[in-house]
Each structure stands twice: as structure tokens, then as C-alpha cells.
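In the numbering used here, the protein residues as written are 801 to 1026. Every residue gets a Cβ at the ideal spot worked out from N, C-alpha and C, and that includes glycine.
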């Protein structure tokens, strides 16, 4: 059945088991495909995350860097379609260990379908936890700064689940620097103090140089320390 529909040009194939309908007067190569929706259907538990979640929350029309990231607990291969790579990611180890993989996940509406995506709060934390892995931080930073109105309690709760002092330091520094974008009070920032690392950590792992911010025991790129 699927083979016949494909031969007739009624459907197009993204990968085995994942297809899209081709509209009349269109071909499988010219028909528009919602790539974020496609990524959300790669596995039954797919959750858009990292820069792709940031794209969704920012209303971006196309994937940043030609990649779409999604969390899944299943084995899945990176797949390329129309020049875009669909990249499966594992949830943070601490969430897998405690069974909290659904922490800070929302449902957003794409045309006709629901898509699961990490909340803006979790998206911020996840990106700061793996800046180097998400690509060149200099290109993603301007977009990351556009996140506003974030709930500080949700961020703190998620950080507690991650239980990682280096990530806490990165997020704490970010919030302190851009605190006008958050809904917390000055007293709320004390929640981060007990979770900071004993030794300095880098904001961008693997990048050398930069300046130490003693209050957060974190080394940030010089251009962000000014």
C-alpha cells in the first residue's frame, strides 16, 4: 500500500515508517513539510529539545544550524532529510536514574498536531549545560538572550533534579547577569549558593581563556564578562 502510494506520488518518505502526504499539484520534493512535527514523530516518546526547542519558543521558521534535536529513550539513528539532520539525544543521566524524564516538558500546537517540547526554563538549562555540543555559542547566544519571563522556581526545581554543580554555576551566572528577564526576587538567587562547584568551571567546556567570576566560581568568555 505505502509502496503504491509512493509510486503514485501521494506520499513522501522521511525514513522507514515516517511519511508525509503530498498535496495536489505538488511533488514529494517540493511539498512543504513541517520538519519540527516530523522530528516529534521519530519515536513515540520524542521531545524536541536544545536549540530546536529554542526555535519553537522563538517562532523560528527553519532549524538552526540545519539540525533538529529531540530527546528519546529509544534507540534511534541520526537521519538526514532535505539537508536537515534529525539528531536523537538521551535525557540527562540524573533524570534517567530517577525516572524524571518528563520534567519540564510542554505540549505546543503545530498545524493540526500536538508536539512535545522542553519548557523555556528547561531549554535554557539544557543549552547552558551543553553549549559546546549545541554548536558555536557565539551564534546561539543572541537567541538565548531573547528568552524572557522565565519562572525561577521551575529553573531551580529542574537544577535540583540534575544535581550538577557546574550546570548550577552556569545557570546562576546567566540569571544574575540577565536577571531582568526573570520573575524572581533578589532573595531567590540565594537558592543557588549551596550548589556551586568547589573548583572553577568553564561556561563553555573545552574553551580556554576567559575571566573568572568569583561569585559563581565560573570562567566565562572575555566578551561575556564585560
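- When DSSP reads this structure, residue 880 sits in a beta bridge with 885.
- Judged by DSSP secondary structure, residue 906 falls outside any alpha helix (DSSP H) and instead within the beta strand (DSSP E) spanning 905-910.
- About 5 Å separates the beta carbon of residue 972 from that of residue 1016, a gap short enough to meet the 8 Å contact definition.
- Relative to residue 965, the option among 901, 941, 998 and 982 whose CA is nearest is 998.
- Secondary structure note for residue 922: its alpha helix (DSSP H) is the uninterrupted segment 920-929.
- DSSP lists 909 as the bridge partner or partners of residue 914.
- Around the beta-carbon of residue 912, fewer than 16 other beta-carbon atoms lie within 10 Å, marking it exposed.
- Going by beta carbons, residue 837 and residue 915 fall inside the 9 Å limit.
- Scanning its chain for C-beta atoms nearer than 7 Å, with the 5 sequence neighbours on each side dropped, one finds around residue 845 the residues 872, 873 and 874, in chain order.
- The secondary-structure analysis by DSSP pairs residue 992 with nothing; it has no beta-bridge partner.
- Rounded to whole angstroms, the separation of the alpha carbons of residue 968 and residue 1004 is 13 Å.
- Separation of the CB atoms of residue 974 and residue 928 is rounded to 6 Å, and the pair is thereby assigned contact status at 8 Å.
- For residue 865, the closest C-alpha among the options 940, 923, 833 and 921 is that of 940.
- Between the beta-carbon of residue 1018 and that of residue 970 there is about 6 Å, and that keeps the pair under the 8 Å contact cut.
- For residue 943, the uninterrupted alpha helix (DSSP H) run begins and ends at 937-944, by DSSP.
- Under the three-pair Cβ rule at 8 Å, the stretch 877-884 does not count as touching the stretch 850-857.
- For residue 974, the uninterrupted alpha helix (DSSP H) run begins and ends at 965-977, by DSSP.
- The Cβ-Cβ distance between residue 842 and residue 816 does not fall below 9 Å.
- Around the beta carbon of residue 919, a 10 Å sphere encloses 16 or more other beta carbons of the protein chains shown; the residue is thus reported as buried.
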